[in-house]
Every structure is written in C-alpha cells, then in structure tokens.
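Okay, so here's the structure we're looking at.
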Amino acid sequence: MKRWLNDLNINVIFGIVARKMYFSVTNERRFHKAMRELFHYMGMFVSGDAVPWLRFLDIGGHGKAMKKQYAKVLDNIVLEWFEEHRQSRTKGGDEQDFIDAMLSVLYGQEVSNNLTMPLQNIIAGGMNDLDFNNLVYLQASIKEAMRMDSLPYANSFAAGLFTIIIVSYYLSRRWRAAEYKGSPPEAKGAWPILGHLPLLGGSTPPHIALGAMADKYGPIFTIRVGVYPSLVISSSEIAKECFTTNDLSVNSRPKMTAVEHIGYNYAMFGFGPPGPYWREIRKIVTLELLSIRKLELLKHIRVSEVTTFLEELHKTWSTRQREGSNDGVVVELKQWFGDMTLNVLVRMVTGKRYSVAADEDEKKEARRVQNALREFFHYAGLFLVGDAVPCLRWLDLGGHEKAIKKTAKELDTIVGEWVEEHKRRRAKGDAKGEQDLIDAMLSVLDGAELGGFDADTINKATSLNMIAAGSDTIMVTLTWAISLLLNNSRVLERALNELDIKIGRQRVVSEQDISNLVYIQAIVKETLRLYPPAPLSGPREFTEDCTIAGYHIRKGTR
0 MKRWLNDLNI NVIFGIVARK MYFSVTNERR FHKAMRELFH YMGMFVSGDA
50 VPWLRFLDIG GHGKAMKKQY AKVLDNIVLE WFEEHRQSRT KGGDEQDFID
100 AMLSVLYGQE VSNNLTMPLQ NIIAGGMNDL DFNNLVYLQA SIKEAMRMDS
150 LPYANSFAAG LFTIIIVSYY LSRRWRAAEY KGSPPEAKGA WPILGHLPLL
200 GGSTPPHIAL GAMADKYGPI FTIRVGVYPS LVISSSEIAK ECFTTNDLSV
250 NSRPKMTAVE HIGYNYAMFG FGPPGPYWRE IRKIVTLELL SIRKLELLKH
300 IRVSEVTTFL EELHKTWSTR QREGSNDGVV VELKQWFGDM TLNVLVRMVT
350 GKRYSVAADE DEKKEARRVQ NALREFFHYA GLFLVGDAVP CLRWLDLGGH
400 EKAIKKTAKE LDTIVGEWVE EHKRRRAKGD AKGEQDLIDA MLSVLDGAEL
450 GGFDADTINK ATSLNMIAAG SDTIMVTLTW AISLLLNNSR VLERALNELD
500 IKIGRQRVVS EQDISNLVYI QAIVKETLRL YPPAPLSGPR EFTEDCTIAG
550 YHIRKGTR
C-alpha cells in the first residue's frame, strides 16, 4: 500500500508540475530515493545549521552527502524536465503545466489567464477534490492518522550536542586569539569550558598558583576563568597604567554570586559598578565617616579601644604574676587584634562595643559577627563555577551558593537589628549627642530611595561594607607584623630604639607621631609587601577596548 499510494501521489504531482507520468521503473526509483534522502536531511539537526561557523567542518559528512549525491541527482532530473519543455515550446505545444508557466514568466512572455492545471481522479468512482468538504468523518480519520504516526525525522542533535559544545568553544577561542594578535600571552593548561578554573580551585591558594604562572609568562598574561577572559597583572608599573591612564576603562565590577547575596544585590557600593548610586553613597561615607574632620571627632574611640585592650592584656599578666606563676601570658594575636579592630569599627559605624564586655551574650554576638564576616571574605575570594560558567550556576556545584545565602541571612539579621535599634532610639528622641554612621545615614536618606534600593537596604549594605572593608585586613596585617618582629630581634630592637628617641617612655604614642616614626612605617610597608592581607585585588571588568603595556585588551575582560 505504501508504495502504491506513493506511486499514485507522485504521478499526480508530476502531471501538474511537469506533465509527466512516471511509469519508468529506473527513473521512478532514482527520483524516489533522491526525494527520500532530501526529506531525511531536511529533518536533521545538522551542526552547521546550529553553529554556522562550524559548517566548514561538515561534522558527520552530511553536507558532502547532500551536495555530491542527492542534490546533484535531483538537479539532473529537474534539468532534464526543463530541457524537454524548452524543446516542446519551440515546437509550439498547446498544453501548459507549471514549468511552462515559469518559463513564460522568466522569459518575459505572457501567461494565459485561462491556464488550468489538470487534476487527476483520486478514487475510481470519479470523486473530485470539491467533494472533500462534505466528508467530515474521512477528514477526521486522516488527521488522527497524522497525529498518531507523525513523520520520523532523524535527530542527530542530541547525540552530537556534547561534541559540538567542546569543538565550538575550542575553535572560538582559537579564532579570537587569531583576531587579536596583539593580545597578552595566554597561560597553558586551560580546560574546555572551565578554562583555568581547575588550576585555581585546588589545594594551592589562587595567588600562589597565579604567582607561579607570572614567573613563567611574565608580569602580564591572560587566563580563562570559565567563559570569561581574565587579565593577570603582577607589576606595579602596569597596575599603575591600568588605574591612571585607563581608569575609565577598568572601573566596573563583574557580577559575583557572593556579592549578589551578601551585598544586597550590589547595593554594597564597594563591590558595585560605578554610577550615580555609587557616587552618592561614596560622598555620604566620605563626609560622615572618612573626612579629616570626622576622623578627628572619632579619634577618642580608637584611643579608648586600644587602651582598653592593652589594659585587659596587662590585667591578665598581673593576675598570673600574683598567682605565683613565672610563665608569660599566651595570647592568640589573631583573635586579640580581631576583637580590637572589630570594636573600633563597630563603634564608629553603630556605636556598639563587643568582645571585652563583661556580658557573655555580647561576646557571643561579637563572635557571631566575626564568623559571618570571615565567611563573607572566604566566599568573596573563591572562584565559583557558577560565576565562571553562568549556565552551570543552577547546579550549585560544591554547595557554595547555598552556604552564601545562609551567611547573607545571618549578616542581614545582625545589621538589621542595629538599624532597627537606631530607629527606635530616634523615635524616642534619644539620638542626641555623638552620631555614628547609621545615625548619619538615617538622617541623610530619611526614608528616600536611591538607585532602586530602599533606605534600610542602603543603610545595611553601607554599614556592613565599612565594617567588612577594615576588620579583616587590619587584623591580618598587625598579626603578621608582630610575628615578623618577634622572629627578627635586630629589627625589633631598632624599632624600640626609634620609639625611645622620638617618643620617649613617659607617654603613649599618638596618631600625630606616626609621621615621625619612619622605621616603623617601613616595617608596616614591608609586612604588606611580604604578606598582603588581600593578595588578589578585587576583580574588575573592562568596559571598553584599551591598550595596556602595549597589548590590546578587549571589552569584557576581567
């Protein structure tokens, strides 16, 4: 039945289009095979159609088969029809079909308005095509047959999907490198899709891995963090060129999962892109917390906190001495400096004190704040697969995004309590006297929205930003400085001699004395050089093409 109906159908179509009846077995089978292959390839998902610049590879050989075998066969058959019609036109034939009409139009001859196409009888009883409108049940039968047994299109897309992704991404990187011949050298060892991410996510810290690459490739080179090209600079001169000559090109920040969740969807201005919102918040923070006048007004907080912690340390040592112990007091410097730094910053931002308070609940809250901030810095410094390859973010490989959301919720609860406490105090009229940053933000914003964020979100994000920016970095720097001094007795002795000469032993060092303590300044700078608290600077993103160190850097590079 299939072949019989196919022969009937093709003869009807041939009669209308070419005025031919194909009973010749050789020609019929040749045309049937070519048409079958045509429909086969028309229903395929060919890689060259999905990824046009892969077409020249002809993966699977489909293009070659279509061009050399089936397209050529069909072309030869149709050309034979046209030659026959040209010859019949010269002999003055009367009957016209579709090819005759096309030849008339293409050769500028008028097509007869009375041209009719012969329709073949479908059923031996003499039924014509107009009768179909009345055969409703027969129409329904045909539609149901087409629904239940649709045409079987071959689907090679699913089988070749992974190969297409790998090959296309590799070739795109090669072509881009060829396009920009002036680009910096790219480090070897990149993986398909993931790029150099596996090299940065192992047991070796990222700054150590990048430092080893810099020794091999020089002070400027590129890596691929997932799908994003990234520029690595380890020279102060080149870094200076980035942030002076090309500062407008490199002033944006890439989107990161940690900043999105913990930074209130980029309301934290230190991690957000530049713009009107960023400029306005920076102005508020500069005037209300970082200006010379404001720092001088808040100097007593820094002095009192340092004095309190030193007195607490001396008290612990005195207690041990009274108990008859000749052993020294063991101090965990990292925790000690962390408590002191956190207290200074929290008092300047919120007016609260932590750590040395007698209340055990406040000590627990201080640890809670420190742990949450430490988690924030941990995740902000991680190379997450979801940030490098956005299409894989939904998988949350490693469970980092889930942990980030938990940390964000913890920090939001803490900072939200601070803001609500200040609001209640203002409502009661108890906000007189010295104002901290939250008080200043409440006064300036006064419930207004800015940059699409409400006043509470801006206040929480800015307060958290100021505490996070200083607490961890100061703690790490001071811990390393003391550690280096204790292991270098000669340097420690020279530092003490400078204090005796410039300050004396009758008073405590003040902030005004720092400019005269040249050797101690050098110690701090050397500590920062040897053990920077943030070995990798915050990620940036190029907003336009530019030239750095003679190399062409493309827009979108990080």
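The opening position of the sequence shown corresponds to residue 0 in numbering that gives the first Met the number 0, with each subsequent residue numbered one higher. A virtual CB, placed ideally from N, CA and C, is assigned to each residue, including glycine. Predicted model only: the values in this text are computed from it and were never measured.
### Query
For ARG565, which three-state DSSP category applies?
Because the chain in this structure spans residues 0 to 557, residue 565 falls outside the shown range and cannot be described.
### Query
Applying the criterion that 16 or more other CB atoms from any shown protein chain within 10 Å of the CB defines a buried residue, is LEU485 buried or exposed?
Walking along the sequence shown from the start, residue 485 turns up at place 486. The C-beta of LEU485 has fewer than 16 other C-beta atoms within 10 Å across all chains shown, which makes the residue exposed.
### Query
Counting along the chain, where does the beta strand (DSSP E) carrying SER229 start and finish?
Residue numbering aside, residue 229 sits at position 230 when the sequence shown is read from its first letter. Its beta strand (DSSP E) spans residues 227-232.
### Task
Indicate whether at least one CB of chain C lies closer than 8 Å to the CB of TYR550.
The chain labelled as chain C is not found in the depicted structure, where only one protein chain is given.
### Task
Could you have a look at GLU331 and say whether DSSP puts it in helix, strand or coil?
Taking the sequence shown and counting its residues from 1, the one referred to as residue 331 is at position 332. Annotated three-state conformation of GLU331 is coil, per DSSP.
### Contacting residues, own chain, Cβ-Cβ under 6 Å from ASP471 (five flanking each side not counted)
Within the sequence shown, the letter at position 472 stands for residue 471. Hits under 6 Å: PHE376.
#### Entry: Closest Cα partner of VAL345 within the set ILE466, TYR276, GLU304
Position 346 of the sequence shown holds residue 345. Comparing C-alpha distances from VAL345 to each of ILE466, TYR276, GLU304 shows the shortest one belongs to ILE466.
### Query
If you compare alpha carbons, which of VAL330, LEU297, LEU394, LEU296 is closest to GLU311?
In the sequence shown, counting from the first residue as 1, residue 311 sits at position 312. Nearest option by C-alpha distance: VAL330.
#### Entry: Which listed residue (GLU287, ALA371, HIS260, GLY225) has its alpha carbon closest to that of MET440
Counting from 1 along the sequence shown, the entry for residue 440 is found at position 441. Nearest of GLU287, ALA371, HIS260, GLY225 to MET440, Cα basis: GLU287.
### Task
Measuring alpha carbon to alpha carbon, tell me which of THR256, ALA468, LYS293, ILE300 ends up nearest TRP393.
Walking along the sequence shown from the start, residue 393 turns up at place 394. Checking every option, the nearest Cα to that of TRP393 belongs to THR256.
### Task
Determine which residues share a DSSP beta bridge with ARG223 and list them.
Along the sequence shown, one-based indexing puts residue 223 at 224. Answer is PRO228.
### Message
Taking the beta strand (DSSP E) that CYS545 belongs to, which residues open and close that run?
### Response
Taking the sequence shown and counting its residues from 1, the one referred to as residue 545 is at position 546. Start and end: 545-547.
### Task
Let me know the secondary structure DSSP gives GLY398 once reduced to three states.
In the sequence shown, the residue the question calls residue 398 occupies position 399. Three-state result, GLY398: helix.
### Query
Going by beta carbon distance, what residues of the same chain come within less than 6 Å of TYR263, once the five residues before and after it are set aside?
Taking the sequence shown and counting its residues from 1, the one referred to as residue 263 is at position 264. Result list for TYR263: THR456, ALA460, in chain order.
### Task
Go to THR216, then tell me how far its beta strand (DSSP E) extends in each direction, as first and last residue.
Here the question's residue 216 lines up with position 217 in the sequence shown. One point to set straight first is that residue 216 is Tyr, not Thr, in the sequence displayed. Per DSSP, TYR216 lies in no beta strand (DSSP E); the unbroken alpha helix (DSSP H) holding it starts and ends at 205-216.
#### Entry: Cβ neighbour criterion (16 or more within 10 Å) applied to CYS545
One-based indexing of the sequence shown puts residue 545 at position 546. By the Cβ-count criterion, CYS545 is buried, with 16 or more other Cβ atoms from all chains shown falling within 10 Å of its own Cβ.
### Query
Can you give, in chain order, each stretch of the alpha helix (DSSP H) that sits fully within the segment 181-205 and has at least 4 residues?
Fully enclosed alpha helix (DSSP H) runs of 4 or longer: 196-199.
### Message
According to DSSP, is TYR518 part of a helix, a strand, or is it coil?
### Response
Residue mapping note: residue 518 aligns to position 519 of the sequence shown, counting from 1. In the structure shown, TYR518 sits in a helix (DSSP, three-state: H, G or I).
### Message
On the DSSP bridge list, what partners appear for ILE552?
### Response
Counting from 1 along the sequence shown, the entry for residue 552 is found at position 553. Looking at the DSSP assignment, ILE552 forms a beta bridge with CYS545.
### Task
Check SER251 in the structure and name its three-state DSSP category.
For the purposes of this step, residue 251 is identified with residue 252 of the sequence shown, where counting begins at 1. Here DSSP, grouped into helix, strand and coil, assigns SER251 to strand.
#### Entry: Touching by the beta-carbon criterion (3+ pairs, under 8 Å), the segment 538-555 and the segment 229-249
Contact between the segment 538-555 and the segment 229-249 is present, because at least three Cβ pairs lie under 8 Å.
### Query
Looking at the unbroken alpha helix (DSSP H) that takes in ARG281, where does it start and where does it end?
Counting from one through the sequence shown, the residue named residue 281 turns up at place 282. DSSP places ARG281 in the uninterrupted alpha helix (DSSP H) bounded by 275-284.
### Query
From which residue to which residue does the alpha helix (DSSP H) around ARG301 run?
The count along the sequence shown starts at 1 and reaches residue 301 at position 302. For ARG301, the enclosing alpha helix (DSSP H) begins and ends at 298-321.
### Query
With DSSP run on the structure shown, which of helix, strand or coil describes LEU449?
Counting from 1 along the sequence shown, the entry for residue 449 is found at position 450. LEU449 falls in the strand class under three-state DSSP.
### Query
Beta carbon of GLN369, beta carbon of LEU410: below 8 Å?
Your numbering for residue 369 matches position 370 in the sequence shown. Your numbering for residue 410 matches position 411 in the sequence shown. No.
### Cβ-Cβ distance between LEU247 and VAL224 below 8 Å
Residue 247 sits at position 248 when you count from the first residue of the sequence shown. Residue 224 sits at position 225 when you count from the first residue of the sequence shown. Not in contact: LEU247 and VAL224 (Cβ atoms no closer than 8 Å).
### Task
Helix, strand or coil for GLU374, going by three-state DSSP, please let me know.
For the purposes of this step, residue 374 is identified with residue 375 of the sequence shown, where counting begins at 1. In the structure shown, GLU374 sits in a helix (DSSP, three-state: H, G or I).
### Query
Does the segment 203-217 touch the segment 494-502, meaning 3 or more C-beta pairs lie closer than 8 Å?
Counting Cβ pairs under 8 Å, fewer than three are found: no touch.
### Task
Let me know the secondary structure DSSP gives GLU540 once reduced to three states.
Working through the sequence shown from its first residue, we reach residue 540 at position 541. Here GLU540 sits in strand by DSSP.
### Task
Determine the extent of the alpha helix (DSSP H) in which PHE256 is found, giving its start and end residues.
In the sequence shown, counting from the first residue as 1, residue 256 sits at position 257. Note that residue 256 corresponds to Thr in the displayed sequence, not to Phe. Taken as a continuous stretch (DSSP letters only), the alpha helix (DSSP H) holding THR256 covers 256-261.
### Task
Give the secondary structure of ARG528 by DSSP, where H, G and I count as helix, E and B as strand, and everything else as coil.
Position 529 of the sequence shown, counted from the start, is the residue given in the question as residue 528. Here ARG528 sits in helix by DSSP.
### Task
With a threshold of 16 other CB atoms inside 10 Å of the CB of ASN464, please say whether the residue is buried or exposed.
As a first step, residue 464 is located in the sequence shown; it is residue number 465 there, counting from the start. When all chains shown are included, ASN464 counts as buried.
### Message
Excluding the 5 residues flanking VAL443 on each side, which residues of the same chain have their C-beta closer than 7 Å to its C-beta?
### Response
Numbered from its first residue, the sequence shown carries residue 443 at position 444. So the qualifying residues of the chain are ILE283.
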